[in-house]
Amino acid sequence: ARESTGIVLIILIAADIVAVITYRRQASWPHLLRLFPWAAVGIFIGFLVMGRIDAQTTQRLIGAILVTIVVVHFWRRARTKALADLEAEAKPHPLLAAVTGVSAGFTTMVANAAGPIMVIYLLAMRLP
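Residue numbers (my numbering): 37 to 164.
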């Protein structure tokens, strides 16, 4: 699992660079800038954790992350239906950006699975 994380991470970084260049004018930079420092913290924590756990624990951690993402997805779907009539753009709580950034950074380092976390955050901010 660790080897695949390292190999895939290089490919994903290259794809991210291309995406940033291509879509830099359409990005919501204020939202992203709130996340960047926290994501760096999460990546560092993930780096420390990956260096201290064995392959079996890594697999269990990835499984737990994926199950958590699925649970949050269904919770969010149920909550979205209940809150459908709120204002067009949500006002972000400062703690939400911190929790999302650290979670996304850690998850991307451990399981290359930060996408769903980011989607949930960006949809909560009412971004397309």
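Yeah, the Cβ is synthetic: ideal placement off N, Cα and C, and Gly gets one too.
Close-in-space but distant-in-sequence residues of the same chain around residue i (CB under 8 Å, 5 per side omitted)
i              : result
isoleucine 101 : Thr143, Val146, Ala147, Ala149
isoleucine 89  : Leu97
valine 44      : Asn148
glycine 82     : Gly141, Phe142, Thr143, Thr144, Met145, Val146
valine 77      : Gly137, Val138, Gly141
Residue i, DSSP secondary structure in three states
i              : result
arginine 88    : coil
methionine 161 : coil
histidine 67   : helix
glutamine 62   : coil
histidine 129  : coil
alanine 51     : helix
6 Å Cβ shell around residue i - same chain, five flanking residues per side excluded
i              : result
isoleucine 79  : Gly141, Met145
tyrosine 59    : none
isoleucine 105 : Pro152
Cβ-Cβ separation, residue j to residue i (assumed contact under 8 Å), whole Å
i              : j            : result
glycine 151    : alanine 75   : Not really, about 13 Å apart at Cβ, beyond 8 Å.
isoleucine 156 : arginine 112 : 6 Å
Nonlocal neighbours in the same chain, by C-beta distance under 7 Å from residue i, ignoring five residues either side
i              : result
isoleucine 49  : none
alanine 133    : Arg70, Leu71, Trp74
methionine 154 : Ala140
valine 108     : Ile156
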